[in-house]
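Chains as they are written, first to last, in the working numbering: chain A, 8 to 268; chain B, 61 to 520.
Idealized CB from N, CA, C, for every residue including glycine.
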Ligand SMILES: Nc1ncnc2c1ncn2[C@@H]1O[C@H](COP(=O)(O)OP(=O)(O)OP(=O)(O)O)[C@@H](O)[C@H]1O
Ligand SMILES: [Mg+2]
């Protein structure tokens, strides 16, 4: 929800980034306040995931210009783990499989690490077990997933649910969910979207990267942005998503070029 | 882990021989074959004869150099330059320190300090089916009478001295040994036996020896453990002989937790009879230079063996495992996974020979060498060797060398884990396949903590 006096959580100005000296992000501006839901849409390869990973601190990308402030601090100065501890969460488009690392053990380690960094209480294995099972219920996940290796052999949809489970555990202030909807079946989409809605409060913000209007029926965005060629070229409200569904992206790009000319 | 498939990694660097180095080597051999002051004690004639012929053989051999094919990556010249004294009396070990080295499941424990039996620290639960103790006890104590002929048949007959100067030297000075004798039918599945070899480590050499005799249809679990309480350079030259009667199963855990300054040279030779099973876990984390020769001889049909190896090294450590499995009869099986984790400038070496002789039809054998390099300066040389002379067999082998996957590290860090915690967790994930099935829970947890804390302990 948009509130005029809500504190600013994320402030991105003129962000540019390269991978292997190829420029992917070409000057991104984005402003997110507590309580808001933003959707970022845009054609394949336009830089949405790159933007998300740069915010999370992925070492493959070099930031070449611009600035990012998160909760008043310079986000780009922080290590990925400090960003996570500080409340930035990235739900990956392609969560990696980590064979040999038990999901349940990893979730507890992540939870306790973040709790400790925030000066909050850690949980022992038994307490954690109760706690995580409750969160899993919210997402209708089978507790068996705790015993398996992290994401290893998980179906596409199972991986996405596991991402949202991690979001539920880590209680982020800014969640960037990169195509969390792709791979989810119709029921799972509803369940996961419900989960996200329940986690969302007026203190945190959500940035959804998606290709489909369907998700936005469940999680209503306050703003919809269109990314193309490493820039946000148009911003509107939720009606923009419907229009994009109808008309595709070409007209947005054309409009942008005309404006620029 | 990101991996690249490799075949054997070959280098052609052959060191030129220098005259002064060969005198260093022969001086070292001379000192290796100098008896300790208390060596002239009384022993049974058969043992004296075996010792004498081993000494004769050792004197005819020379110590290995990198010019020897089997030692081309493992340069012992820094060992040969040391002036090592034979370990004399029983070294002093703090009992509180000893306690921390014991695995609670192992109610039967033999403690050897610098190769000498330490009665005080030993705890033995013997019954009429199981005899655990020192060779000296076995040869003079009446309660050992029934085990004595088996000891005489097997001790110093299983591990060959013919072309192994270290095993020959160990046998030549065989004074005492740990003996595990499990009579036919005895079931010791949940009562592991721990043989702790403590090095107090002051420029000395010791020759620990272990003999495991598993009678028909028996089951036992033995932890052969090498630990250090001292820090300076020393040599552990150990030999472990195992003979497994038909239908018996031996689970053998070898832990090498020597000091980082140690030289650890070990020979494990296993003689298996029909329908027997051998499960080996060999984990090495210590030693400046360590070498493990693991030889399994299948001497009957329907034999099955498993070998799970892990070497985790860093700094300037070198860990070398040479294994061989000799399939001589039909319906044999062997499965081997050898993993190495090398950080710093460490060097891991693996050479795994699988021999399938003409008569060994329906042999089913697999061997995997998996290697994780944690730093750009770490190296690995791995060489699986299959020699197959039978036509109806299934043999698979493979080797991979890889680095830690940057996306996996990032994924874990994006959930709040520090770089070190993420890397340690992924290292443990790599090692887990070897570690997790070790049949003694406290060994698993000791190794798990060791790996999860490695970056905190050492430079990775
Ligand atoms: N690590 C990388 N190495 C090389 N090229 C990369 C890398 N990461 C991203 N790119 C390139 O950057 C561009 C943007 O990729 P990105 O994944 O950000 O697109 P996206 O908008 O998320 O697309 P999609 O909708 O298909 O998920 C693409 O051309 C991609 O190939
Ligand atoms: Mg993407």
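- Taken from the Cβ of residue 56 of chain A, at least one heavy atom of ligand 1 lies inside 6 Å.
- Contact with chain A is found for residue 468 of chain B, since one of that chain's Cβ atoms lies less than 7 Å from the residue's Cβ.
- Per DSSP, the beta-bridge partners of residue 181 of chain A are A/95 and A/212.
- For residue 117 of chain A, a Cβ of chain B is located within less than 7 Å of the residue's own Cβ.
- Fully enclosed alpha helix (DSSP H) runs of no fewer than 4 residues occupy 55-63 and 87-93 of the region 29-115 of chain A, in order along the chain.
- Taking non-hydrogen atoms of ligand 2 into account, the C-beta of residue 100 of chain A is found less than 6 Å away from one of them.
- Counting only runs of 4+ residues, the alpha helix (DSSP H) found wholly inside the region 131-202 of chain A occupies 132-145 and 163-177, in chain order.
- The straight-line gap separating the alpha-carbon atoms of residue 377 of chain B and residue 426 of chain B is approximately 28 Å.
- Per DSSP, residue 296 of chain B is not a residue of any alpha helix (DSSP H); the beta strand (DSSP E) it occupies stretches across 295-304.
- 7 Å or more divides the Cβ of residue 322 of chain B from the Cβ of residue 231 of chain B.
- For residue 510 of chain B, the uninterrupted alpha helix (DSSP H) run begins and ends at 501-512, by DSSP.
- Going by beta carbons, residue 330 of chain B and residue 356 of chain B fall inside the 7 Å limit.
- Exclusion of residue 359 of chain B from the 6 Å shell around ligand 1 follows from its C-beta lying no nearer than that to any non-hydrogen atom of the ligand.
- DSSP, read as helix, strand or coil, puts residue 415 of chain B in strand.
- Distances from the alpha-carbon of residue 103 of chain B to those of B/289, B/236, B/118 and B/242 put B/236 closest.
- Using beta-carbon distances, residue 107 of chain A counts as an interface residue toward chain B, with a partner under 7 Å.
- From the listed residues B/257, B/106 and B/122, the smallest Cα separation to residue 87 of chain B is found for B/122.
- In terms of beta-carbon proximity, residue 478 of chain B lines the interface with chain A, with at least one pair separated by less than 7 Å.
- For residue 323 of chain B, the uninterrupted beta strand (DSSP E) segment begins and ends at 323-332.
- In the structure shown, the three-state DSSP call for residue 134 of chain B is coil.
- Going by C-alpha positions, residue 220 of chain B is about 14 Å away from residue 112 of chain B.
- Only 63, 64, 65, 66 and 67 from the region 54-83 of chain A bring a Cβ to less than 8 Å from some Cβ of chain B.
- For residue 230 of chain A, there is no enclosing alpha helix (DSSP H); the residue is found in the beta strand (DSSP E) stretching over 230-235.
- In terms of side-chain proximity, the C-beta atom of residue 79 of chain A is found no nearer than 6 Å to any non-hydrogen atom of ligand 1.
- Residue environment for residue 253 of chain A: exposed (fewer than 16 other C-beta atoms within 10 angstroms of its C-beta).
- Here DSSP, grouped into helix, strand and coil, assigns residue 214 of chain B to helix.
- Buried is the label assigned to residue 49 of chain A, since at least 16 other Cβ atoms lie within 10 Å of its Cβ.
- Taking 7 Å as the threshold, the shortest C-beta distance from residue 489 of chain B to chain A falls below it.
- Under the Cβ criterion (8 Å, minimum of three pairs), the region 491-501 of chain B does not count as touching the region 458-473 of chain B.
- When the five nearest sequence neighbours on each side are left out, the beta carbons in the same chain lying within less than 7 Å of the beta carbon of residue 172 of chain A are those of 142, 143, 146 and 148, in order along the chain.
- Taking 6 Å as the cut-off, the C-beta of residue 53 of chain A counts as close to a heavy atom of ligand 1.
- When only Cα atoms are considered, residue 66 of chain A and residue 270 of chain B end up about 51 Å apart.
- Not one beta carbon of chain A lies nearer than 7 Å to the beta carbon of residue 502 of chain B.
- Against chain B, a Cβ distance below 9 Å from residue 132 of chain A picks out nothing, because the smallest value is about 13 Å.
- It is roughly 43 Å from the alpha-carbon of residue 458 of chain B to the alpha-carbon of residue 129 of chain A.
- Here residue 259 of chain B is near residue 288 of chain B, since their CB atoms are less than 7 Å apart.
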